[in-house]
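These notes concern the structure reproduced below.
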Amino acid sequence: MTTIQHAPATPTRCGPTVHRADTPPNRRRGGDIRVLLSPASVGATAGFMGTLTLEPGEIVTEHWHPYSEEYLYCHSGDVLVTLDGEERRLTPESAVHIPIGVRHRIVNDSSTTAFFVFMCGPLAPRPELGHVDTELPPGVR
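Its first residue numbered 1, the sequence shown is counted upward by one per residue in the UniProt record's numbering.
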């Protein structure tokens, strides 16, 4: 049985439309990561969503999320994803669910650019608590 809920008397305001080209990349963990929809950009309260572009040979260093699960959708490309030590391939139009606490790393070991859409939620209590790095960023020793 479905319960019908009526819209609130005061409509909720939707956030702005966000364009990828207007969002600066974050390269700290490798690749080109752009968080498009977040608490800062649109007032999101349940999670955040963005894109990842990995050129051939690029990686996203291993890390895990203590508060969030992650959904990773491969739009194009072919990469190696390691989840708690288990390797698997993500190919175009495939997706993987990464539960809370699972270490994960992405390597573009192919000759083509890979493009992903990701979503993480729920949010950590504070942004700096959202990721735990287990590998140094690219170029750092």
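Beta carbons are placed, not taken as given, at the ideal position from N, Cα and C, and that holds for glycine.
Keep in mind that this is a model prediction, so the values were computed, not measured.
{"Query": "Buried or exposed (CB count within 10 angstroms, at least 16 for buried), G15", "Result": "exposed"}
{"Query": "CA-to-CA distance, Q5 to L129, given in whole angstroms", "Result": "35 Å"}
{"Query": "Member of W64, S68, P92, S76 whose CA lies at the smallest distance from the CA of T82", "Result": "W64"}
{"Query": "Pick from A95, M49, F116 that is closest to E59, judged by C-alpha positions", "Result": "Correcting the residue type first, residue 59 is Ile in the shown sequence and not Glu. It is F116."}
{"Query": "CB of P66 within 8 Å of CB of G101, strictly", "Result": "yes"}
{"Query": "Outcome for Y114 when other beta-carbon atoms lying within 10 angstroms are tallied against a minimum of 16", "Result": "According to the sequence displayed, residue 114 carries Ala and not Tyr. A114 comes out buried."}
{"Query": "Minimum C-alpha distance to Y73 - residue among T23, F118, P24", "Result": "F118"}
{"Query": "For L129, the three-state DSSP class (helix, strand or coil)", "Result": "helix"}
{"Query": "Residues bridged to W106 [DSSP beta-bridge criterion]", "Result": "According to the sequence provided, residue 106 is Ile. The question's Trp does not apply to it. According to DSSP, which records beta bridges pairwise, I106 is partnered with V60, V81."}
{"Query": "Whole-number beta carbon distance between S110 and P24, since they are thought to touch under 8 Å", "Result": "Their Cβ separation, rounded to whole angstroms, is 26 Å, which puts P24 and S110 out of contact at 8 Å."}
{"Query": "Which listed residue (P99, Y71, D133, H104) has its alpha carbon closest to that of L80", "Result": "H104"}
{"Query": "Separation of F48 from P39, as counted between CA atoms", "Result": "7 Å"}
{"Query": "Which of helix, strand or coil DSSP assigns to S68", "Result": "coil"}
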